[in-house]
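Take a look at the structure set out below.
Here's what the structure looks like:
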């Protein structure tokens with residue numbers, strides 16, 4: 001019984017939250033890694049792309065809510081995601097046209113593009129704050145729990161409840177669908193294949209008649225979709241605050257690098273590695289250990305390895321370890 | 001010629017603020033401009049001279065702020081007796097286990113070393129927390145409303161400036177050792193991370209610098225306004241200049257800071273200029289322009305990069321200590337990456353990367369804009385929305401959001417400069 005209680009507590013506080021957070025990071029890291037693979041720079045504006053795309057989704061959600069549209073038990077925001085994607089895609093394509101294309105034509109060094117993306121970050125950040133403000137926004141509606149702790153206790157007769165928030169379930173399901181579509185696109189469609197060819201060897205791809213501008217445009221649209229889905233899921237699951245999205249940049253980059261930057265599979269693996277280690281290191285293990293250990297060995301402290309405010313430190317340390325021992329990442333990404 | 005004209009423009013802008021707004025705000029802008037110029041010189045050393053991409057400026061600035069607390073505040077004897085020795089022991093233990101791990105990794109055979117290092121890391125961490133935690137609890141329990149931390153050394157606050165540089169140097173060494181020699185944007189991401197961690201430590205380790213409870217009332221290198229106003233000699237002099245005593249005392253203190261900061265800036269600028277034109281500077285630029293060629297000539301690229309990375313970070317640390325001295329308080333939650341990292345980058349790029357005078361100019365100019373964009377934006381928005389009804393929701397929203405204009409402005413400045421004048425206002429010679 002104690003073992004079951006411990007398992008339920010573990011699932012409730014560690015496995016499920018980490019799985020949801022990992023899916024969000026994986027989607028974010030997939031966007032970063034695609035930009036890296038095709039456009040060959042680390043996009044510092046990605047966090048703010050997520051913020052601004054999610055903002056459009058939120059505005060659309062509010063509009064739908066005021067029109068009385070709803071998805072019943074599901075959050076209305078899911079209906080609004082296409083608007084967010086469209087908004088972000090227009091913005092990214094416009095940015096590419098006005099800003100990035102010039103440097104691409106010049107074949108500027110990647111580090112210059114990184115600095116340029118810093119300027120874009122400023123602008124997106126300013127726009128987000130200008131339109132929706134820097135404060136927390138709540139836009140989640142619909143059913144809050146798929147399984148509530150009380151129902152679970154009554155059903156199973158255990159002391160420990162298992163709560164499954166509907167946003168967590170939606171996050172994981174949506175992430176699986178989106179990732180499946182992206183991978184299918186990359187491996188089975190003509191455009192997807194030309195994207196991969198362009199990423200592997202730009203000159204060879206050009207020689208075989210692939211239009212670089214089409215590849216770049218399609219990449220930005222996919223990145224817009226990934227960023228908005230990741231941002232909206234994160235906002236539904238936790239909360240929407242523009243600055244938090246900027247701070248997500250670090251775990252997202254860590255995920256992409258740990259997996260091997262430029263490698264889509266690596267980005268997803270990296271997202272889960274980072275998410276699980278963050279949660280494992282910052283979770284207070286007292287409860288789980290309380291069920292598992294005999295009375296005499298009960299811990300008196302919280303048995304928390306690091307305070308939750310150090311979650312960035314966890315992704316950072318993993319990043320450093322990978323950089324030191326395997327700079328190309330788990331899945332052998334690119335190295336320019 | 002161009003240099004002179006542009007610096008004259010900055011002087012005119014600051015003097016204009018003095019005439020149109022108040023001399024007090026002009027001096028506030030000038031003082032922070034001086035500090036920003038030193039930070040920009042640090043980043044310019046790294047980026048302009050060596051092509052290293054540091055986006056962790058905020059972390060080094062915050063370390064400078066920490067140095068002020070650690071050097072200048074009075075020690076808290078009860079806290080030291082409660083757990084001071086134990087905290088020091090824990091820190092030594094932590095450092096020792098990291099060193100032991102590194103040594104084990106170097107000396108042991110390939111097959112076994114992974115396991116050995118893992119065991120050392122786990123045991124070291126457990127021991128570290130076992131020694132540290134009770135001590136931290138004891139220290140933080142000592143009069144938490146006023147102290148609850150170990151305090152500093154009670155030394156003169158000016159000493160904190162070099163100490164800030166030293167702290168920054170230590171952290172820069174660790175980061176440089178790991179991330180230099182890898183791809184350029186890995187250094188960027190590593191520095192981004194370390195900056196967040198420095199801030200997290202400042203916010204959470206209450207025993208160190210009271211965390212988010214802030215340390216206020218830091219010692220000052222200059223007299224307090226109140227004391228000046230009480231002094232008859234000072235009152236007499238203010239009268240002779242035709243100023244009232246309150247205004248005179250605030251101006252006197254601010255001018256005092258300006259003199260101190262200018263002295264530091266001039267010293268740093270002279271050194272940076274000497275470094276730029278020295279054989280060392282030539283070597284650094286050669287490495288920046290073609291690493292392979294420099295390496296083939298027998299230059300140790302990674303070691304030189306480490307050197308210049310540390311030097312640049314030291315400048316940011318010193319500037320951070322100066323800034324905290326000026327503020328008279330350490331508030332960890334006020335450190336925002338957009339303000340302390342990316343804004344410094346705008347200064348360097350706008351001023352002209354690779355040109356020390358350019359960095360200084362950028363520091364002043366961008367700081368001036370950062371401060372003044374808001375009132376200007378307010379004024380523009382007032383005019384733009386004057387046609388709308390006073391209570392219209394859109395108008396209220398627009399007027400309230402004006403403060404976010406500065407981010408937008410900085411982003412546009414950065415992009416426009418990079419596109420149309422990538423070498424900045426004062427290009428490298």
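Residue numbers (full-length UniProt numbering), protein chains in the order written: chain A, 1 to 336; chain B, 1 to 429.
Positions of the beta carbon are idealized from the N, C-alpha and C atoms, including for glycine.
Contact set for residue i: own chain, Cβ-Cβ below 7 Å, skip 5 residues either direction
i: residue 114 of chain A; result: 41, 42, 44
i: residue 151 of chain B; result: 73, 74, 75, 76, 79
i: residue 215 of chain A; result: 38, 194, 195, 198
Nearest candidate by alpha-carbon position, reference residue i, set the options
i: residue 122 of chain A; options: B/114, B/90, B/415, B/428; result: B/415
i: residue 87 of chain A; options: A/305, A/320, A/229; result: A/229
i: residue 144 of chain A; options: A/103, A/72, A/96, A/193; result: A/72
i: residue 47 of chain A; options: A/192, A/273, A/227; result: A/227
i: residue 26 of chain B; options: B/10, B/38, B/39, B/41; result: B/10
i: residue 64 of chain A; options: A/272, A/209, A/139; result: A/139
i: residue 408 of chain B; options: B/369, B/420, B/395; result: B/369
i: residue 45 of chain B; options: B/129, B/345, B/101, B/413; result: B/345
i: residue 348 of chain B; options: B/24, B/41, B/34; result: B/41
i: residue 76 of chain A; options: A/325, A/209, A/233, A/134; result: A/233
i: residue 319 of chain A; options: A/310, A/292, A/256; result: A/256
i: residue 149 of chain B; options: B/259, B/213, B/356; result: B/213
i: residue 5 of chain B; options: B/357, B/385, B/412; result: B/357
i: residue 373 of chain B; options: B/265, B/51, B/401; result: B/401
i: residue 31 of chain A; options: A/56, A/274, A/5, A/182; result: A/182
i: residue 335 of chain B; options: B/379, B/104, B/397, B/200; result: B/200
Neighbour-count burial assignment, residue i, 16 or more Cβ in a 10 Å radius
i: residue 246 of chain B; result: exposed
i: residue 203 of chain B; result: buried
i: residue 406 of chain B; result: buried
i: residue 290 of chain B; result: exposed
i: residue 124 of chain A; result: buried
i: residue 92 of chain B; result: exposed
i: residue 120 of chain B; result: buried
i: residue 154 of chain B; result: exposed
i: residue 404 of chain B; result: buried
i: residue 309 of chain B; result: buried
i: residue 207 of chain A; result: exposed
i: residue 188 of chain B; result: buried
i: residue 336 of chain A; result: Since pLDDT at residue 336 of chain A reaches only 44, below the 50 mark, its modelled position is unreliable, and no value is offered.
i: residue 248 of chain B; result: buried
i: residue 12 of chain A; result: buried
i: residue 24 of chain A; result: buried
Simplified DSSP assignment, three categories, for residue i
i: residue 149 of chain B; result: coil
i: residue 108 of chain A; result: coil
i: residue 335 of chain B; result: coil
i: residue 298 of chain A; result: coil
i: residue 134 of chain B; result: helix
i: residue 48 of chain A; result: helix
i: residue 336 of chain A; result: Residue confidence is low: residue 336 of chain A scores 44 on pLDDT, short of 50, so the model does not pin down where it sits. No coordinate-derived value is stated.
i: residue 424 of chain B; result: coil
i: residue 300 of chain B; result: coil
i: residue 404 of chain B; result: helix
i: residue 290 of chain B; result: coil
i: residue 118 of chain A; result: helix
i: residue 429 of chain B; result: coil
Per DSSP, the bridge partner or partners of residue i
i: residue 165 of chain A; result: A/145
i: residue 215 of chain B; result: B/330
i: residue 240 of chain A; result: A/137
i: residue 71 of chain A; result: A/74
i: residue 479 of chain B; result: With chain B represented from 1 up to 429, any question about residue 479 of chain B goes unanswered, as that position is not in the structure.
i: residue 284 of chain A; result: A/304
Residues of its chain near residue i, where Cβ-Cβ distance is below 6 Å and the 5 sequence neighbours each way are ignored
i: residue 339 of chain A; result: Outside the modelled stretch of chain A, which goes from 1 to 336, sits residue 339 of chain A, for which no answer is possible.
i: residue 234 of chain B; result: 228
i: residue 312 of chain B; result: 42, 45, 46
i: residue 26 of chain A; result: 268, 271
i: residue 314 of chain A; result: 277, 278, 281
i: residue 176 of chain B; result: 306, 309
i: residue 59 of chain B; result: 194, 195, 198
i: residue 317 of chain A; result: none
Chain-order list of residues whose beta-carbon lies under 8 Å from that of residue i (same chain, five-residue window excluded)
i: residue 284 of chain A; result: 302, 303, 304
i: residue 306 of chain A; result: 281, 282, 313, 314
i: residue 294 of chain B; result: 283, 286, 287, 301
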